[in-house]
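Engineer:
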């Protein structure tokens with residue numbers, strides 16, 4: 003009887019720890035990521051009881067900025083908990099962000115080819131998003147619809 007009880011307890015503990023690990027690894031990591039030079043990406047999240055989690059992307063470089071809502075394209079539970087992919091709403095050239103479960107301090111930003119982001123740059127996390135958000139990023143987070151806005155730097159005019 004003791005062996006059966008210990009076996010059931012071990013299975014229950016194993017199952018519950020796997021369940022917790024899967025659930026805790028389901029979200030894209032918020033933060034400010036640096037891609038070299040003047041290239042930065044900010045990932046922000048807003049959670050509401052009514053709509054759940056909403057993720058928004060703000061990318062900036064010397065060419066300008068782009069703000070877009072993010073859509074989970076390939077959830078982590080479909081990949082064996084290795085990575086997940088989010089696509090940018092409103093962008094025609096299939097831009098996406100990929101983040102591995104074991105590399106939560108970096109993201110890859112590029113084109114979605116099949117089930118992976120290819121031809122992209124790796125961005126390393128430099129900070130959190132507790133800094134003041136731009137009005138456009140806050141507007142994206144507050145919206146319940148797909149959001150896209152591009153802001154030109156005004157260079158070359």
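In the working numbering, the protein residues as written are 3 to 159.
Idealized CB from N, CA, C, for every residue including glycine.
Note that the coordinates shown come from a computational prediction; the quantities given were computed from them, not determined experimentally.
Go to residue 128, then tell me how far its beta strand (DSSP E) extends in each direction, as first and last residue.
Structural biologist: Its beta strand (DSSP E) spans residues 118-129.
Engineer: Reducing DSSP to helix, strand and coil, say where residue 30 ends up.
Structural biologist: If DSSP states are grouped into helix, strand and coil, residue 30 belongs with coil.
Engineer: Do you know offhand how far residue 134's Cα is from residue 58's?
Structural biologist: If I take the Cα positions, the gap works out to 15 Å.
Engineer: Return the first residue and the last residue of the alpha helix (DSSP H) that residue 86 is part of.
Structural biologist: Run containing residue 86: none in the alpha helix (DSSP H); it sits in the beta strand (DSSP E), 85-90.
Engineer: Work out the CA separation of residue 100 and residue 87 for me, nearest whole Å.
Structural biologist: Approximately 4 Å, taken between the alpha carbons.
Engineer: Return the residue from the list 151, 124, 149 that minimises the CA-CA distance to residue 109.
Structural biologist: The shortest Cα separation from residue 109 among 151, 124, 149 belongs to 124.
Engineer: Spatial neighbours of residue 48 within its chain, please: C-beta separation below 7 Å, excluding the five flanking residues on both sides.
Structural biologist: Contacts found: 56, 143.
Engineer: Is it right to say residue 154 is buried, meaning 16 or more other beta carbons lie within 10 angstroms of its own, or is it exposed?
Structural biologist: Label assigned to residue 154: exposed.
Engineer: Figure out for me which residue from 147, 107, 76, 146 has the closest Cα to the Cα of residue 128.
Structural biologist: Checked all of 147, 107, 76, 146; the closest Cα to residue 128 is 107.
Engineer: Specify, as a first and last residue, the run of the beta strand (DSSP E) that residue 95 falls within.
Structural biologist: It is not in any beta strand (DSSP E) - residue 95 carries neither H nor E in the DSSP assignment.
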